[in-house]
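Novice: Numbering of the sequence shown is given in this note's numbering, commencing with residue 238 and proceeding in unit increments.
Please read through the structure below; I'll follow up with questions.
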Amino acid sequence: MAKSRTAKKGRRAVSTKSRRARASKAATSRSSRSARGKNGGAREDAIALLKADHREVERMFGEFERTRSDDRKRELAEQICAALRTHTTIEEEIFYPAFLEATEDKDLHHEAEIEHAGAKHLIGEIESAGPQDDHFEARVTVLQEMIKHHVKEEEQRGGMFAEAKSSDMDLLSLGQRMKERKLELMGESAEGLDERLPAQARHGGREVRTRFS
Ligand SMILES: [Fe+2]
Ligand SMILES: [Fe+2]
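Put into structure tokens, the structure is as follows:
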């Protein structure tokens with residue numbers, strides 16, 4: 238019993254020490270958050286980049302709710318699905334693994350992954366069914382609710398972003414990597430969209446950039 242208490246004490250000492258080391262590294266990382274890139278432009282850290290994505294998707298969901306135009310709803314659903322695919326990919330490929338490595342917080346990490354899987358399943362349904370489907374609007378509305386919940390979990394006090402900020406994650410360099418991957422993915426999705434669009438929609442006339450047309 239005494240032995241196990243001593244062992245626990247030892248583990249606590251190590252974890253306090255490593256927490257202090259993380260906090261000190263995090264302070265260094267925070268102080269360089271406003272660092273400038275080679276071209277003099279401000280470099281965006283990982284959290285700022287992901288939060289900007291969240292706001293953009295919220296804006297599109299808001300417009301989807303308000304518009305009465307079926308064409309606009311189609312465009313917006315297409316854009317929301319593409320933006321969410323890109324966002325979840327950069328989180329899963331770059332941010333989440335770095336978060337897990339730095340914090341070892343499996344609970345938050347795994348929960349976020351499962352929420353992504355649920356959202357991606359619904360995105361797949363929206364993309365394959367299209368607005369002719371009687372449940373089109375219901376699917377987009379449920380997706381909006383799922384994303385609202387997920388974004389709250391990431392951004393709230395004690396959530397993933399807050400924990401990332403107090404860890405030793407290099408948020409500036411992660412932000413740079415995610416920005417590059419995001420541009421790559423957006424290029425791929427624009428190319429794919431171009432191939433899917435009928436020639437008539439690609440050249441001339443009112444161009445409705447949606448696979449749902
Ligand atoms: Fe996110
Ligand atoms: Fe996420």
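The beta carbon of each residue, even a glycine, is placed where N, CA and C say it ideally should be.
A quick note: this is a predicted structure, and the numbers were derived from the prediction, not measured.
Would you grab the beta carbon distance between phenylalanine 332 and leucine 411 for me? Rounded to a whole angstrom, and I think it's under 8 Å.
Specialist: 6 Å
Novice: Excluding the 5 residues flanking alanine 283 on each side, which residues of the same chain have their C-beta closer than 7 Å to its C-beta?
Specialist: Phe332, Leu408, Leu411, Gly412 and Met415
Novice: Any heavy atom of ligand 2 closer than 7 Å to the CB of threonine 323?
Specialist: no
Novice: If glutamate 362 and arginine 376 are in contact, beta carbons under 8 Å, what's the gap, nearest whole angstrom?
Specialist: 6 Å
Novice: For the alpha helix (DSSP H) that contains phenylalanine 301, what are its first and last residues?
Specialist: 283-303
Novice: Suppose you measure from the CA of phenylalanine 298 to the CA of alanine 399; what does that come to, to the nearest Å?
Specialist: 25 Å
Novice: I need the boundaries of the alpha helix (DSSP H) containing arginine 311, first residue and last residue.
Specialist: Run containing arginine 311: 307-327, per the alpha helix (DSSP H) assignment.
Novice: Below 8 Å on the Cβ atoms is my contact criterion, and I expect alanine 335 with methionine 406 to pass it. Report the Cβ-Cβ distance as a whole number of Å.
Specialist: 6 Å
Novice: Along the chain, where does the alpha helix (DSSP H) containing phenylalanine 373 start, and where does it finish?
Specialist: 373-392
Novice: Please find out if some non-hydrogen atom of ligand 2 comes closer than 7 Å to the beta-carbon of alanine 349.
Specialist: Yes, ligand 2 has a heavy atom inside 7 Å of this Cβ.
Novice: Output the boundary residues of the alpha helix (DSSP H) element that contains glutamate 341.
Specialist: Here glutamate 341 belongs to no alpha helix (DSSP H), and DSSP marks it neither H nor E.
Novice: Relative to the alpha-carbon of valine 388, which residue among Ala339, Arg309, Phe301 and His324 has its alpha-carbon at the smallest distance?
Specialist: The residue from Ala339, Arg309, Phe301 and His324 with its alpha-carbon nearest to that of valine 388 is His324.
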